[in-house]
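Each residue of the sequence shown is one higher than the one before, starting from 0 at the first, in our numbering.
In what follows, a single structure is set out as structure tokens and then discussed.
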Amino acid sequence: MIEAWFLLCSKFIAHKQEVKLADKIIQYCIESAFAPNVQLFNEQRLYMQDTIYMNQLIKVTKVARRQIVRLIFSQLLLKHNFERLVHELEIENELQYVFIHFAKNEVGAFLTQMSKDKVNTFIKTFRINYNINYINREKLIAAEANRIKEIKENNVNEVYTEFDSLVKLYTK
């Protein structure tokens, strides 16, 4: 939560505003995110898997922690939440725009990181993923071997190969 507070305070400071509202905004976002009817952090939600949870266990990483903060700030994009917050805290128009833009960026960053995490998890686990039939799993294994071979032959760190195309196909 310190990270969330710091991020919000930096927005206030950048726009020459007092940071006294940061505590209340974070409190409001947290209350909204953890409301029983919202279940934003339910491990069964697909957007939570591979980025914050690995099955039913929370991933204890800086990336997962940052993803949690991003989801908390997503509450600013819900119209009824935002209108109530603006009304109760009497937030001026300029700052309203800053918060909406900030929240949109946070949600966009969440989705981008979520996609990366899903791809990375798939690459690490496809060999034991029995939701993929045997033939397709073998194609992935062969394509990965070819990818490694191409990287070594071309003496580069990255190269886009058939393996990358297959991974993209499975992680849409």
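Even for Gly, the Cβ is constructed at its ideal location relative to N, Cα and C.
Note that the coordinates shown come from a computational prediction; the quantities given were computed from them, not determined experimentally.
Since residue i contacts residue j with CB under 8 angstroms, what's their CB separation in whole angstroms?
i, j, result
"residue 24", "residue 39", "With 8 angstroms as the limit, residue 24 and residue 39 do not qualify as a contact, their Cβ atoms being about 17 angstroms apart."
"residue 42", "residue 27", "About 24 angstroms; that fails the 8 angstroms criterion."
"residue 121", "residue 143", "Actually they are not in contact, since the Cβ atoms of residue 121 and residue 143 sit about 11 angstroms apart, beyond 8 angstroms."
"residue 218", "residue 170", "Any property of residue 218 remains undetermined from this structure, which presents the chain solely from 0 to 171."
"residue 146", "residue 124", "Not quite, the Cβ-Cβ distance comes to about 17 angstroms (not below 8 angstroms), so this is no contact."
"residue 99", "residue 75", "7 angstroms"
With a 10 Å radius around its C-beta and 16 neighbouring C-beta atoms as the bar for buried, classify residue i as buried or exposed.
i, result
"residue 66", "buried"
"residue 88", "exposed"
"residue 168", "exposed"
"residue 126", "exposed"
"residue 45", "exposed"
"residue 164", "exposed"
"residue 18", "exposed"
"residue 166", "buried"
Go to residue i, then tell me how far its alpha helix (DSSP H) extends in each direction, as first and last residue.
i, result
"residue 164", "161-169"
"residue 26", "19-32"
"residue 86", "78-88"
"residue 15", "Note, residue 15: premise wrong, no alpha helix (DSSP H); not H, not E."
"residue 114", "92-124"
"residue 157", "Residue 157 -> no alpha helix (DSSP H), and no H or E assigned at all."
"residue 72", "61-72"
Can you give me the Cβ contacts of residue i inside the same chain, cut-off strictly under 8 angstroms, excluding the 5 residues immediately before and after it?
i, result
"residue 4", "21, 22, 25"
"residue 157", "150"
"residue 113", "46, 49, 50, 66"
"residue 64", "2"
"residue 55", "42"
Leaving aside the five residues before and after residue i along the sequence, list all residues of the same chain whose C-beta is less than 7 angstroms from its C-beta, in chain order.
i, result
"residue 10", "97, 101"
"residue 172", "No answer is possible for residue 172: the residues shown for the chain start at 0 and end at 171."
"residue 16", "94"
"residue 29", "71"
In chain order, what residues of the same chain lie with their CB nearer than 6 angstroms to the CB of residue i, ignoring the 5 residues before and after it?
i, result
"residue 84", "27"
"residue 12", "none"
Exercise. Any chance the segment 67-78 sits against the segment 98-113, with 3 or more Cβ pairs inside 8 angstroms?
Worked result: yes
For this session: Spell out a yes or no on whether the segment 134-151 and the segment 89-107 are touching, meaning 3 or more CB-CB pairs, one atom from each, closer than 8 angstroms.
Result: no
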